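First residue of the sequence shown: 617, per the numbering used here; consecutive thereafter. All C-beta atoms in this analysis are idealised placements derived from N, C-alpha and C, irrespective of residue type, glycine included. Given the structure is predicted, the values throughout are model-derived calculations rather than measurements. This report concerns only the one structure given below.
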Amino acid sequence: MVSAEKEDAGQEIVVSTYCLAYNHEKFIRDALEGFVSQKTNFRYEVLVHDDASTDGTARIIREYEEKYPDIIKPIYQKENQYSKGIDIVGTIITPRLKGTYIAICEGDDYWTDPEKLQRQVDILEAMPSCIACVHQTLEIGCRSGKKRLISPYREDGFVDMQTIISGGNKAFQLSSLVFRKKALEEIPQFVSAVKGTGDYALSMYLGLKGDIFFINRTMSVYRMLSSESSWTSRMAADEKAWLKHCRETIDMLRSVDCYTEGKFHEMFDRELAKFEYELERAACSSSVFLLPRYAEYWKREPLVKKLRYFIKLMLPPPI
617 MVSAEKEDAG QEIVVSTYCL AYNHEKFIRD ALEGFVSQKT NFRYEVLVHD DASTDGTARI
677 IREYEEKYPD IIKPIYQKEN QYSKGIDIVG TIITPRLKGT YIAICEGDDY WTDPEKLQRQ
737 VDILEAMPSC IACVHQTLEI GCRSGKKRLI SPYREDGFVD MQTIISGGNK AFQLSSLVFR
797 KKALEEIPQF VSAVKGTGDY ALSMYLGLKG DIFFINRTMS VYRMLSSESS WTSRMAADEK
857 AWLKHCRETI DMLRSVDCYT EGKFHEMFDR ELAKFEYELE RAACSSSVFL LPRYAEYWKR
917 EPLVKKLRYF IKLMLPPPI
């Protein structure tokens, strides 16, 4: 096995992992430990992109860079690239990836199994039809303390398109993903079109490119609402941003539907209805309870919310 302590620099890199970090001082050490603790019979690298963090994230990354220089390959930004609208993965990360396979883990998430990469690469090597391999992930609510498993199935098997489309970004979590680098050669625009749903679009694209194999074993942790700067936190706090995201996701889903020439139209249309409902509800439209298209979502609303909605509908618009 190739360990973090004994790295054969003469070997070709088999897996390139990329990790996006920003103000993850409280969490980044867990991520880095998960990376360097991997036990494999191949060489791997981890590109850690620090987007000009204002806390101690970069300091911790440097600590691991010095200790594991053959594994940890950092990129330190002096100015925040995300705020400039830069496609960090496409323009900064991807050109640096050397491996045959690509793994992903955000700076506030982490891997929990030292055999994770080995298990996934073994499957991809044994199954040429597989474009990707994923596994079960434990989601931890940082504010609520609640835990749940992100898992499409209860046993090993292939993930079908219906599960990917209807599961959104919950069919499997980004920290569980290992895929073939060749999938990036002709990646369509819809994959990076919507910030915050890149994992959803990427999972659909990979599902269209080949088989995705699921391992029913928990090997990573996803931290939900880890900080105020996290995407989920921003969406929860900013209704305008959330509605903008809904509109962009609608555009993305329509793009994928077009890309697949309507092969999965009914599935996409069902997902479109979810985001359309959010927009109609925000506009206080009567269509949310009149149109059969939105019936299942209106049915889920608590009675108190429904009463408030009717009252709001009856009130005269503000002058």
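Measuring straight from C-alpha to C-alpha, what distance separates residue i and residue j?
| i | j | result |
| --- | --- | --- |
| N696 | D729 | 32 angstroms |
| V631 | D776 | 25 angstroms |
| Y769 | N832 | 7 angstroms |
| D667 | E641 | 13 angstroms |
| T673 | L636 | 11 angstroms |
| L818 | C721 | 14 angstroms |
| F884 | L907 | 18 angstroms |
| Q805 | I704 | 15 angstroms |
| Q778 | L824 | 11 angstroms |
| I676 | K694 | 16 angstroms |
| F643 | F651 | 13 angstroms |
| T876 | E802 | 15 angstroms |
| N639 | G723 | 9 angstroms |
| K700 | K762 | 34 angstroms |
| L931 | Y910 | 23 angstroms |
| H881 | S871 | 11 angstroms |
| F983 | R678 | Nothing can be reported for residue 983: it is not among the residues displayed for the chain, which extend from 617 to 935. |
| S903 | G878 | 26 angstroms |
| I739 | I702 | 34 angstroms |
| V807 | D854 | 24 angstroms |
| R916 | P685 | 52 angstroms |
| S782 | P918 | 23 angstroms |
| E671 | G784 | Residue identity check: residue 671 is Asp in the sequence provided, not Glu. Approximately 32 angstroms between the Cα atoms of the pair. |
| E912 | K922 | 14 angstroms |
Can you give me the Cβ contacts of residue i inside the same chain, cut-off strictly under 8 angstroms, excluding the 5 residues immediately before and after it?
| i | result |
| --- | --- |
| L859 | E894, L895 and A898 |
| C900 | Y925, K928 and L929 |
| K786 | I766 |
Under a Cβ-count criterion, where at least 16 other Cβ atoms within 10 Å of its own Cβ denotes burial, should residue i be classed as buried or exposed?
| i | result |
| --- | --- |
| A742 | exposed |
| T707 | exposed |
| V920 | exposed |
| R924 | exposed |
| L822 | buried |
| C862 | buried |
| F891 | buried |
| L929 | exposed |
| D873 | buried |
| S760 | exposed |
| S836 | buried |
| D815 | buried |
What does a CB cutoff of less than 6 angstroms around residue i pick up in its chain, not counting 5 residues either side in sequence?
| i | result |
| --- | --- |
| Q736 | C749 and V794 |
| K622 | With a pLDDT of 46 at K622, under the threshold of 50, the modelled position of this residue cannot be trusted; read the value that follows with caution. If we look at K622 and ignore the five residues flanking it on each side, it has no Cβ neighbours. |
| G757 | M840 |
| E755 | R764, I766, Y838 and M840 |
| D827 | S745, C746 and F774 |
| I718 | S632, F795 and K797 |
| Y680 | L648 and I688 |
| W914 | V904 and F905 |
| R698 | For clarity, residue 698 is Tyr in the given sequence; the question names Arg instead. Cβ within range, chain order: D667. |
Considering only their Cβ atoms, is the gap separating residue j from residue i smaller than 7 angstroms?
| i | j | result |
| --- | --- | --- |
| I866 | A799 | no |
| S669 | D725 | no |
| M820 | I780 | yes |
| F788 | F829 | no |
| Q752 | T633 | no |
| K797 | T716 | yes |
| I629 | K714 | yes |
| L648 | K689 | no |
Starting from the C-beta of residue i, find all residues in its chain whose C-beta is less than 7 angstroms away, skip the five residues before and the five after it, and write them out in chain order.
| i | result |
| --- | --- |
| D772 | F830, I831 and N832 |
| L869 | F884, E887 and L888 |
| R712 | L663 |
| D646 | Y726 |
| Q654 | Y660, P730, K732 and L733 |
Pop quiz: residue i and residue j are said to be a contact at Cβ under 8 angstroms. What is the actual Cβ separation, rounded to whole angstroms?
| i | j | result |
| --- | --- | --- |
| I687 | H665 | I687 to H665, Cβ: 15 angstroms. No contact. |
Verify the contact flag: residue i, CB atom, against every heavy atom of the ligand PLP, threshold strictly below 6 angstroms.
| i | result |
| --- | --- |
| S871 | Questions concerning the ligand PLP fall outside what the structure shown contains, since it holds no ligand whatsoever. |
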